[in-house]
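Participant: The working numbering numbers the first residue of the sequence shown as 24 and each following residue consecutively. This is the structure I want to talk about, given as structure tokens.
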Amino acid sequence: MSAAGIPVSSDNVQILEGPQEFYNEVIKGIKSAKRRVTLAALYIGLGDLEKQMVETLYETSSSNPDLECHIMMDYLRGTRTSGTKEPRVSNAPSSESSVTLLSKLKQSFPSRVRVSFFHSPLLSGLLKRWLPERTNEIVSVFHIKANVFDNDIIITGANLGDTYFTTRQDRYILIRNSPMLAEYFHNAIDKVSTVCYDLSTGGSLHLPSNVPVPYTHPAEFTSMLRQVLRSAFPCPPLLPASQDGGIHTTFVRPAVQMGAVGVRDDETLTVDMLSKVSPQSTIAVASGYVNFCDRYLDPIRHSKARLEVVTSSPQANSFYQSKGPSYYIPHAYTAMAKDLFDSYRKNGMSDKLRMFEYTKQGWSFHAKGMWVYHGADSNPSLTLLGSSNFGYRSLERDLECEVQLSTTCPKLQQRLQEEKERLFSNSQIVSSELFSHAERRVPLWLQWATRLFVKRFL
């Protein structure tokens with residue numbers, strides 16, 4: 024038996040339970056790093072915890088002249104000013120952004136700190152000119168999340184922002200002492216940065232002279248980006264897998280995705296995996312945003328495998344009670360969840376679907392991934408983890424990265440099962456009666472708008 028992936032020691036795989044532990048491990052990782060810190064996220068927020076994280080980077084860089092730091096985030100989200108950010112940081116100066124937050128770090132260590140901003144070629148032309156700040160992020164963003172500290176790495180779906188450190192539940196796997204995997208992600212981020220804007224010591228952003236401007240020359244930029252992504256995220260080689268507790272019991276296979284530029288590695292890997300499950304298998308899926316594409320649902324339905332889904336309740340959706348058009352986003356997800364629920368019922372497969380909603384007072388739900396149970400196994404032997412929500416924009420619009428972690432180690436399989444149970448423990452099962460409640464009824468116009476248009480941006 025062989026597996027394509029980077030081998031890691033199962034004993035070095037630690038599953039973090041919540042946002043506070045995630046934050047603590049990020050701080051520990053920065054403080055203990057001797058050679059490199061590489062952080063990739065949609066954005067870095069402006070709250071006290073984020074500022075403390077940046078200050079920790081500053082202090083560690085000051086005391087260690089050998090440390091190099093590279094931070095990558097989305098251009099739109101990273102340059103968005105605090106006037107359009109979350110209420111928790113509304114007391115920040117209106118001109119403050121991730122750019123201003125990191126400027127001191129860059130100015131203090133110009134040769135050892137890099138801050139890169141990815142601008143999607145999908146936001147170009149009239150869309151670039153007319154769409155206002157925040158709204159323009161619906162088109163496409165950099166969505167990869169990974170945090171490297173020397174040879175340790177945290178793979179997660181969480182951003183580096185206040186709520187992700189306090190009350191927004193996600194998934195986080197810390198893999199220690201894995202030089203191959205850490206090097207893979209460090210090099211991948213470094214290569215992607217060659218087509219990104221760089222933060223200068225003066226606080227401005229500059230694109231390398233050999234890179235086409237993504238919003239004025241999107242076709243040329245897309246061609247370059249496609250080549251860069253394929254080079255940055257190569258498929259790991261086939262290696263022998265052990266069934267008897269040998270060194271190769273656990274593998275991690277990263278895969279990148281940005282369908283709009285013709286890169287579909289994650290999609291191909293996921294569909295291939297789903298096409299091999301049996302009717303006795305179970306697929307458990309977590310996503311804060313239920314908008315699953317048929318590319319993923321079709322092989323699950325065809326296999327007649329059991330499907331368990333945990334998603335956010337409207338109150339646990341990060342857009343709950345937001346202002347402007349985003350106020351309707353939780354309602355749109357309710358409509359899509361009901362469509363999924365009804366599709367199984369209409370096809371006589373109600374017994375193959377169990378849907379749950381995460382409901383924890385004062386918390387939001389951002390966890391994403393899959394757990395795969397083959398046959399009658401009580402513990403999963405494979406999990407998908409990363410930035411993808413398995414929806415349309417994850418396949419087509421955003422720049423995503425996901426890892427497939429497969430293991431024959433019983434102890435790690437048990438830890439994965441415990442993680443899944445924790446996420447589902449704060450949820451309630453969904454029934455057909457739930458969608459008939461007055462507060463869950465979605466206006467007819469929004470139902471049709473979601474099916475015809477809105478779901479392509481969610």
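Beta carbons: idealized from backbone N, C-alpha and C, even for Gly. Predicted, not measured: the structure shown is a model, and the values here were computed from it.
1. Taking the C-alpha atoms as reference points, what is the distance between Q440 and Q303?
2. Go through its chain and collect everything with a Cβ distance to R445's Cβ below 7 angstroms, but skip five positions before and after it.
3. If you check the beta carbons only, do S335 and S301 fall under 8 angstroms apart?
4. Between R152, K151, V77, V164, which lies nearest to L128 when the distance is taken from Cα to Cα?
5. What does R105 pair with, by DSSP beta-bridge criteria?
6. Assign N170 to one of two classes, buried (16 or more other C-beta atoms within 10 Å of its C-beta) or exposed (fewer than that).
7. For the alpha helix (DSSP H) containing F244, name the first residue and the last one.
8. Using alpha carbons as the reference points, say which of F476, L125, A472, L320 lies closest to Q75.
9. Does DSSP put H93 in a helix, in a strand, or in coil?
10. In whole angstroms, what separates the C-alpha of L435 from that of S448?
11. Applying the 10 Å Cβ sphere with the 16-neighbour rule, what's the burial state of Q384?
12. Would you identify the three-state DSSP class for A390, choosing helix, strand or coil?
13. Restricting to runs no shorter than 3 residues, where is the beta strand (DSSP E) found entirely within the segment 141-224?
14. Assuming M378 contacts V477 (C-beta within less than 8 angstroms), just tell me the rounded distance between them.
15. If you draw a straight line from the C-alpha of P433 to the C-alpha of M359, how long is it?
16. Helix, strand or coil for L39? Go by DSSP, reduced to three states.
17. Classify L475 as buried or exposed, calling it buried when 16 or more other Cβ atoms lie within 10 Å of its own Cβ.
18. Assuming the contact rule is C-beta atoms closer than 8 angstroms, A56 and T79 should be a hit. Round their C-beta distance to whole Å, please.
Facilitator: Walking through what the data contain:
1. One-based indexing of the sequence shown puts residue 440 at position 417. One-based indexing of the sequence shown puts residue 303 at position 280. In a straight line, the C-alpha of Q440 is about 18 angstroms away from that of Q303.
2. Numbered from 1 along the sequence shown, position 422 holds the residue referred to as residue 445. These residues qualify, in order along the chain: E40.
3. In the sequence shown, counting from the first residue as 1, residue 335 sits at position 312. In the sequence shown, counting from the first residue as 1, residue 301 sits at position 278. Going by C-beta atoms, S335 is not nearer than 8 angstroms to S301.
4. Within the sequence shown, numbered from 1, the residue matching residue 128 stands at position 105. Across the set R152, K151, V77, V164, the C-alpha of V77 shows the shortest separation from the C-alpha of L128.
5. Counted from its first residue, the sequence shown places residue 105 at position 82. A small fix is needed here, since residue 105 is Ser in this sequence, not Arg. Per the DSSP secondary-structure output, S105 pairs with nothing in a beta bridge.
6. Locating residue 170 in the sequence shown gives position 147, counting from the first residue. The residue is buried, with at least 16 neighbouring Cβ atoms inside 10 Å.
7. By 1-based counting over the sequence shown, the position of residue 244 is 221. Looking at the DSSP string, the run of the alpha helix (DSSP H) that includes F244 is 241-255.
8. Against the sequence shown, residue 75 aligns to sequence position 52. Looking from the CA of Q75, the closest CA among F476, L125, A472, L320 belongs to L125.
9. Against the sequence shown, residue 93 aligns to sequence position 70. Three-state DSSP puts H93 in a strand.
10. Within the sequence shown, the letter at position 412 stands for residue 435. Within the sequence shown, the letter at position 425 stands for residue 448. Their backbone Cα atoms lie some 20 angstroms apart in a straight line.
11. If you number the sequence shown from 1, residue 384 lands on position 361. By the 10 Å Cβ count, Q384 comes out exposed.
12. Mapped onto the sequence shown, residue 390 falls at position 367. It is coil, neither helix nor strand.
13. DSSP runs (the beta strand (DSSP E)) wholly in the segment 141-224: 169-172, 175-179, 195-198, 220-222.
14. Along the sequence shown, read from residue 1 onward, the residue named residue 378 stands at position 355. Along the sequence shown, read from residue 1 onward, the residue named residue 477 stands at position 454. Under the criterion of beta carbons closer than 8 angstroms, M378 and V477 do not qualify as touching, at roughly 20 angstroms.
15. One-based indexing of the sequence shown puts residue 433 at position 410. One-based indexing of the sequence shown puts residue 359 at position 336. The C-alpha of P433 lies about 36 angstroms from the C-alpha of M359.
16. The residue labelled residue 39 in the question sits at position 16 within the sequence shown. It is a strand residue.
17. Numbered from 1 along the sequence shown, position 452 holds the residue referred to as residue 475. With fewer than 16 Cβ atoms within 10 Å of its Cβ, L475 is classed as exposed.
18. Within the sequence shown, the letter at position 33 stands for residue 56. Within the sequence shown, the letter at position 56 stands for residue 79. Not confirmed; about 10 angstroms, so no contact.
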